[in-house]
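Asker:
In full-length UniProt numbering, the protein residues as written are 1 to 461.
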């Protein structure tokens, strides 16, 4: 007779938590998953998936515009925001049911409730139920962070609310320079809104390869998006249905909506972590974990954005799977974070994997750079002036490809495939020996023969 009601209790029904629950249940564990909002978590409900659906919608105007160059005469098209949102909501509801069905089929039990620690093994649910669990997994994810309070902050929306706006803003100001800010700037611009992007840094996409940052900004500005860097929003005023955002540089911007996408923080508040003895990482504010996602309490684990390390859905899924394999499957599985591909679904799209040029130059003695910047074939007839960037970072000593960075149509799809080669330690010679597929943009990756630059690290004195 066990003293525990469950072998595993999962706090949070997002991608990482659900994967862990399903795999653990498959090993025969008694699993309970508590989710206070909707199964699927940020990615499925108000993140990656609905955003990508809106990205698709924002591309249609470009296809219509380009059609004339190929002989098509298309009558004036009209866009209806309400239809897009309704159809998006319908698809998200379907995916939520898929998540619920998959958990149920695995044998795990779901509870629509908030769960907080009463002690290291006991969870109190908002339904009043108490559950004692042998092992506990925290997978509560993260939440939008508006930064320091400013006057009028109550008028600002986040990436949570943007999916449920009653109407499309004709003018929108977005503060931020990362994934979410750029993606929604491009979505609204593609749907016909007047977009202003404000970012405190000197250029957008901090942490990405410098050539990528410059290229994306050039293309976004070409598309009519106003990008203001080196300043922040200091106050937001509302007068009627209009907002005025005051900037640190002294200027102001009028808009119909103001959105902040300046970052996210791990959802660790009010979980009762102190009652369980779970430590917080002082460097990032997330739950501190070791290489197996174990917290400071041996039977309590954490995966995904709540640890505030690599905040990407596939990483959370891989961590959840590895946790279940290790704890309930008798396997010692450790996640490899060395080659994580990522994408920004801006317009143009960004796909990247491996090291940036700057990172490689600090780690390796000799770095070779191969780069192509060109107008795609489609643009020659459509009249589009948009350009594609492809860049390979190579270890000049071993010839190993260390990084790949692409800006252009379907960059994410290309980088997902390239990530396999880079993880397998492919060399530039391997790329060169691969037969090109013509005519494609991707053939540039295997036909860039001429080195753009070589950098040698200076020896320490």
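Built from N, CA and C at the ideal position, the CB exists for glycine as well. Computed from a predicted structure; not experimentally measured.
Helix or strand or just coil, what does DSSP make of residue 325?
Answerer: Residue 325 sits at position 325 when you count from the first residue of the chain shown. Helix.
Asker: With a threshold of 6 Å on Cβ separation, who are the neighbours of residue 328 within its own chain once the five nearest residues in sequence on each side are excluded?
Answerer: The residue you call residue 328 lines up with position 328 of the chain shown. The residues are 24, 27 and 29.
Asker: By DSSP, does residue 167 sit in helix, in strand, or in coil?
Answerer: Working through the chain shown from its first residue, we reach residue 167 at position 167. Here residue 167 sits in coil by DSSP.
Asker: To the nearest angstrom, report how far apart residue 256 and residue 41 are at their CA atoms.
Answerer: For the purposes of this step, residue 256 is taken as residue 256 along the chain shown, with counting starting at 1. For the purposes of this step, residue 41 is taken as residue 41 along the chain shown, with counting starting at 1. For residue 256 and residue 41, the distance between alpha carbons rounds to 29 Å.
Asker: Quick one: any contact between the segment 7-24 and the segment 129-148, if contact means 3 or more CB pairs under 8 Å?
Answerer: The segment 7-24 is in contact with the segment 129-148.
Asker: Please report how far the alpha carbon of residue 84 lies from the alpha carbon of residue 358, in whole angstroms.
Answerer: Numbered from its first residue, the chain shown carries residue 84 at position 84. Numbered from its first residue, the chain shown carries residue 358 at position 358. In a straight line, the C-alpha of residue 84 is about 41 Å away from that of residue 358.
Asker: Would you kindly work out how many angstroms separate the C-alpha atoms of residue 375 and residue 385, rounded to a whole number?
Answerer: Here residue 375 is taken as the residue at index 375 of the chain shown, counted from 1. Here residue 385 is taken as the residue at index 385 of the chain shown, counted from 1. Cα to Cα, residue 375 sits roughly 7 Å from residue 385.
Asker: Can you tell me which of the three DSSP states residue 455 falls into?
Answerer: By one-based count along the chain shown, residue 455 stands at place 455. Residue 455 falls in the strand class under three-state DSSP.
Asker: Check whether the Cβ atoms of residue 335 and residue 368 sit closer than 8 Å, and answer yes or no.
Answerer: In the chain shown, residue 335 corresponds to position 335, counting from 1. In the chain shown, residue 368 corresponds to position 368, counting from 1. For residue 335 and residue 368, no; Cβs fall outside 8 Å.
Asker: Which residue wins for smallest C-alpha separation from residue 125, given the options 270, 226, 250 and 333?
Answerer: The residue you call residue 125 lines up with position 125 of the chain shown. Checked all of 270, 226, 250 and 333; the closest Cα to residue 125 is 270.
Asker: When DSSP labels each residue in this structure, what does residue 186 get in the three-state scheme?
Answerer: Position 186 of the chain shown, counted from the first residue, corresponds to residue 186. Three-state result, residue 186: helix.
Asker: Would the beta-carbon of residue 193 fall within 8 Å of that of residue 180?
Answerer: Looking up residue 193 in the chain shown gives position 193. Looking up residue 180 in the chain shown gives position 180. No; because the gap between Cβ atoms is not below 8 Å, this pair is not in contact.
Asker: Using CA coordinates, which residue listed in 90, 105, 418 and 312 is at the minimum distance from residue 48?
Answerer: Looking up residue 48 in the chain shown gives position 48. Considering only alpha carbons, the answer is 312.
Asker: Return the Cβ separation of residue 195 and residue 228 in integer angstroms, given the expectation that the two are a contact with Cβ distance under 8 Å.
Answerer: By 1-based counting over the chain shown, the position of residue 195 is 195. By 1-based counting over the chain shown, the position of residue 228 is 228. Not quite, the Cβ-Cβ distance comes to about 11 Å (not below 8 Å), so this is no contact.
Asker: Going by the DSSP bridge assignment, what does residue 122 pair with across the sheet?
Answerer: The count along the chain shown starts at 1 and reaches residue 122 at position 122. Beta-bridge pairing links residue 122 to 119 and 132.
Asker: Would you call residue 105 buried or exposed, if buried means 16 or more other Cβ atoms sit within 10 Å of its Cβ?
Answerer: Within the chain shown, residue 105 is the residue found at index 105, counting from 1. Residue 105 should be labelled exposed.
Asker: Taking the alpha carbon of residue 232 as the reference point, which residue from 151, 107 and 88 has its own alpha carbon closest?
Answerer: Position 232 of the chain shown, counted from the start, is the residue given in the question as residue 232. Nearest of 151, 107 and 88 to residue 232, Cα basis: 151.
Asker: Within the same chain, show all residues whose beta-carbon is closer than 6 Å to that of residue 145, passing over the 5 residues directly before and after it, in chain order.
Answerer: The residue you call residue 145 lines up with position 145 of the chain shown. Excluding positions up to five away in sequence, the list reads 263, 264 and 265.
Asker: Could you compute how far the alpha carbon of residue 451 sits from the alpha carbon of residue 388?
Answerer: Counting from one through the chain shown, the residue named residue 451 turns up at place 451. Counting from one through the chain shown, the residue named residue 388 turns up at place 388. Taking the straight line joining both Cα atoms gives about 18 Å.
Asker: Where do the N-terminal and C-terminal ends of the alpha helix (DSSP H) with residue 66 fall, by residue?
Answerer: Looking up residue 66 in the chain shown gives position 66. 48-67 is the extent of the alpha helix (DSSP H) around residue 66.
Asker: Indicate whether residue 323 and residue 86 have their beta-carbon atoms separated by less than 8 Å.
Answerer: Working through the chain shown from its first residue, we reach residue 323 at position 323. Working through the chain shown from its first residue, we reach residue 86 at position 86. For residue 323 and residue 86, no; Cβs fall outside 8 Å.
Asker: Mind listing, in chain order, the continuous alpha helix (DSSP H) runs of no fewer than 4 residues lying wholly within the segment 272-318?
Answerer: List check, alpha helix (DSSP H) in window: 273-276.
Asker: Anyone know if the C-beta pair for residue 309 and residue 286 falls short of 8 Å?
Answerer: Here the question's residue 309 lines up with position 309 in the chain shown. Here the question's residue 286 lines up with position 286 in the chain shown. Cβ atoms of residue 309 and residue 286: closer than 8 Å.
Asker: State the DSSP-derived secondary structure class of residue 156, mapped to helix, strand or coil.
Answerer: By 1-based counting over the chain shown, the position of residue 156 is 156. Note: residue 156 maps to coil in three-state DSSP.
Asker: Pull up the CB-CB distance for residue 135 and residue 8, whole angstroms please, since I reckon it's below 8 Å.
Answerer: Taking the first residue of the chain shown as position 1, residue 135 is located at position 135. Taking the first residue of the chain shown as position 1, residue 8 is located at position 8. Confirmed, Cβ separation roughly 5 Å.
Asker: Where do the N-terminal and C-terminal ends of the beta strand (DSSP E) with residue 392 fall, by residue?
Answerer: Residue 392 sits at position 392 when you count from the first residue of the chain shown. Counting along the chain, the beta strand (DSSP E) containing residue 392 begins and ends at 388-395.
Asker: Around the Cβ of residue 74, are there at least 16 other Cβ atoms within 10 angstroms (buried) or fewer (exposed)?
Answerer: Taking the first residue of the chain shown as 1, we reach residue 74 at position 74. Counting Cβ neighbours within 10 Å, residue 74 comes out exposed, since fewer than 16 surround it.
Asker: Using a Cβ-Cβ cutoff of less than 7 Å, which residues in the same chain neighbour residue 343 once the five nearest sequence positions on both sides are dropped?
Answerer: Taking the first residue of the chain shown as position 1, residue 343 is located at position 343. Excluding residues within five positions, the ones whose Cβ falls inside 7 Å are 349, 350, 351, 411, 412 and 415.
Asker: So residue 96 and residue 53 are in contact, right, with Cβ under 8 Å, and what is the actual spacing, rounded?
Answerer: Stepping through the chain shown from its first residue, residue 96 is reached at position 96. Stepping through the chain shown from its first residue, residue 53 is reached at position 53. In fact, because the Cβ distance is near 14 Å, the residues do not count as touching under 8 Å.
Asker: Is the beta carbon of residue 132 sitting closer than 8 Å to the one on residue 121?
Answerer: Position 132 of the chain shown, counting from 1, holds the residue named residue 132. Position 121 of the chain shown, counting from 1, holds the residue named residue 121. Result yes, Cβ atoms of residue 132 and residue 121 sit closer than 8 Å.
Asker: Using 8 Å as the threshold, is the C-beta distance between residue 405 and residue 216 below it?
Answerer: Here residue 405 is taken as the residue at index 405 of the chain shown, counted from 1. Here residue 216 is taken as the residue at index 216 of the chain shown, counted from 1. No.
Asker: For residue 297, which of 304, 289 and 392 has the nearest alpha-carbon?
Answerer: For the purposes of this step, residue 297 is taken as residue 297 along the chain shown, with counting starting at 1. Checking every option, the nearest Cα to that of residue 297 belongs to 289.
Asker: What residue from 59, 119 and 153 has the CA that sits closest to residue 184's CA?
Answerer: Here residue 184 is taken as the residue at index 184 of the chain shown, counted from 1. The option with the nearest alpha carbon to residue 184 is 59.
Asker: Using the C-alpha atoms, what's the distance from residue 425 back to residue 82?
Answerer: As a working note, residue 82 is residue 82 in the chain shown. As a working note, residue 425 is residue 425 in the chain shown. Rounded to the nearest angstrom, the two C-alpha atoms are 48 Å apart.
Asker: With burial defined as no fewer than 16 other Cβ atoms inside 10 Å of the residue's Cβ, what is the status of residue 318: buried or exposed?
Answerer: Here residue 318 corresponds to residue number 318 of the chain shown, with the count starting at 1. Answer is buried; the Cβ neighbour count reaches 16.
Asker: Would residue 209 be called buried (16 or more neighbouring beta carbons within 10 Å of its own) or exposed?
Answerer: As a working mapping, residue 209 is identified with position 209 in the chain shown. Answer is buried; the Cβ neighbour count reaches 16.
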